[in-house]
Amino acid sequence: MSRLPPTRRAILAGAGSAVTASLAGCALTGDEGSGGDGVDEEFILTFHHPETVRSDEPFDMTIEGLPANTEVDVVVESADAEGTIFDGRATIRTDDGTVTLSEATVVSDRTDALSGTVPEGVEVPLTVALVQFAEQSLHFYTPPRESTPTYRVETDEGVLGETKLTRRFPDVSAGIELDHPDLVGWVYEPVDSQSGPGVLLLHGSGGSPMRTTAALLAEHGYTAVALQYFDAPPLSEALSEVPLAYIETAAEFLRTFETVGSEQIGLYGGSRGGELALLAASTFDGFGPVVSVAGSGVVFEGSDNGLPTNTSTWTHDGEPVPYIPFRGVDSLEMADEADLQRATIPVEGIDDRVLLLSGADDTLWPSAALQQIAADRLAEHGHSEFEHVVYEQTGHYFIEPYVPIMGATEHGGELAGCAIASHDHWPKVLETLSSLK
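Using the UniProt record's numbering, the first residue of the sequence shown is number 1, and each one after it goes up by one.
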């Protein structure tokens, strides 16, 4: 197929759900199909899309008036909270001249994962995949409260047309510090309702509270607490011998909030926080659904600045919970069988739904195998509601939806797999937590 060069440059016609642009060097006035006197109207592009979307909301865009049976580039240009501009692009086939981006055929011969180009075969709506594959590292990306990305259609010779929309991001700064002498964390109250189910979010070994995810859940009507359980006064500095009672105390405190509209408290944990979520829900009553992301169905030893502490990460009633040593991806192979049996979490004690999410290429620890231990135990005990989803070409990191993912392969996986996991896992999380009552 040919790439058809335009004879003139088209510019933005205006904002809204239907935006019209032509190959003329002047803006249209908004009446579709009218380009003004003496204007070449060979191609008049109309964009159909929502005006405003949440940051975690996939959306579609239909472009009409494209030159038929050729290839064009679709480019998104956006900015982070610091004003840094970044863009992502994809080459698509135009077919009969009307293209819905979620159904578009992406054509790419790029093999460079850092090229800022969406590869072929990524099952993510192209409107948001363009953001995911943008040339911007997630480690340096700070989302704004609101962004206005520009979507352009280009050929080698120039721009055919462009449009804008608004993406709303959660307000991470809206978290309120917990007013409790023994607890450290931030509560995010429901954004558009007076009350909602309560959820505790448990971070991993990095020790950073999951404030962005908590803020996202608040956007969906939850009262969410990004809890910190070590490495902050008055807590232990090390991830070692953390009392499970701390999680029970946090749940009891969360129930006292006026914005909590559920008796049950949901648990969402990532990595070591996933291990903790499974263990806490297996130990105490009153917890609802549990989500464990790249977690473990086995208890591991503690760590202090990355060094093993030769004792358990967790305690219950003052006693260390049985554990196995941490040996990275070789932890299971190197574990003593008797120790492994004792350290396996009795997940059959969980009273509600369980969602396990794992990356098949996790190089930090074997999360897929570790969570399968939990899944097998749930099946053996006839637990009726659980799911273990293993994402191919995905490592340890599950990124919140529709932000740049460059850097997500630090602990395994490929960018395409990380993009798919980011897109696919979040609706499963929301659906699982929706059973809170």
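Think of the CB as a built atom: it goes at the ideal place given N, C-alpha and C, for glycine as much as any other residue.
Which of helix, strand or coil does DSSP assign to R372? Correcting the residue type first, residue 372 is Gln in the shown sequence and not Arg. In the structure shown, Q372 sits in a helix (DSSP, three-state: H, G or I).
DSSP three-state assignment for F140, whether helix, strand or coil: helix
Starting from the Cα of S147, find the closest Cα among V354, H381, L340 and A81 and give me that residue. A81
Excluding five sequence neighbours on each side, which residues of the same chain lie with their C-beta closer than 8 Å to the C-beta of S236? F230 and V242
Nearest to E77 by alpha carbon, out of E154, H423 and L239? E154
From L436 to E103, what distance separates their C-alpha atoms? 35 Å
With distances taken from CA atoms, which of E252, Y397, V429 and G349 is nearest A374? G349
Could you tell me whether the region 349-359 touches the region 307-326, where touching means 3 or more Cβ pairs closer than 8 Å? no
So, A421 versus T394, is the Cβ gap smaller than 8 Å? yes
Taking just the CA atoms, how far does Y141 sit from I85? 11 Å
Just the C-alpha distance for E32 and E64, rounded to the nearest angstrom, thanks. Below a pLDDT of 50, predicted positions are generally treated as unreliable, and E32, at 34, falls in that range; no measurement from the model is reported.
Where in the region 198-269 do unbroken runs of the beta strand (DSSP E), each at least 3 residues long, occur, reported from the N-terminal end onward? 223-228
If you draw a straight line from the alpha carbon of M61 to that of T94, how long is it in whole angstroms? 14 Å
Would you kindly check if the distance between the Cβ of D317 and the Cβ of P234 is under 8 Å? no
From G273 to T150, what does the alpha carbon distance come to, in whole angstroms? 37 Å
Straight-line Cα distance separating H180 from T256: 12 Å
As an exercise, report each continuous beta strand (DSSP E) stretch of at least 3 residues that is fully enclosed by the region 76-152, in chain order. 85-93
Candidates S137, G207, L160 and P197: closest to M406 by CA position: S137
Let me check understanding here. Comparing Cα to Cα, which of D352, S331, P346 and G121 lies closest to E380? P346
Using only CA atoms, which one of V260, S55, P401 and E252 lies nearest to D171? S55
D336 CB to nearest heavy atom of the ligand FMN below 7 Å: Absent from the structure shown: the ligand FMN. Ligands present: none.
Does D424 come out as helix, strand or coil in the three-state DSSP assignment? helix
Give the range of the alpha helix (DSSP H) segment to which L45 is assigned. Unbroken run through L45 is the beta strand (DSSP E), I44 to H48; no alpha helix (DSSP H).
Is it true that the CB of R152 sits closer than 8 Å to the CB of V99? no
Given a cut-off of 8 Å, decide if S262 and A294 are closer than it, judged by their beta-carbon atoms. no
Whether V290 touches L254 by CB criterion (8 Å): no
Any idea what DSSP makes of P321, helix, strand or coil? Residue identity check: residue 321 is Val in the sequence provided, not Pro. Of the three classes helix, strand and coil, the one that applies to V321 here is coil, per DSSP.
Rounded to the nearest angstrom, what separates F287 and G175 at their Cα positions? 23 Å
So what does DSSP say about D304, is it helix, strand or coil? strand
CA-to-CA distance, D304 to E252, given in whole angstroms: 29 Å
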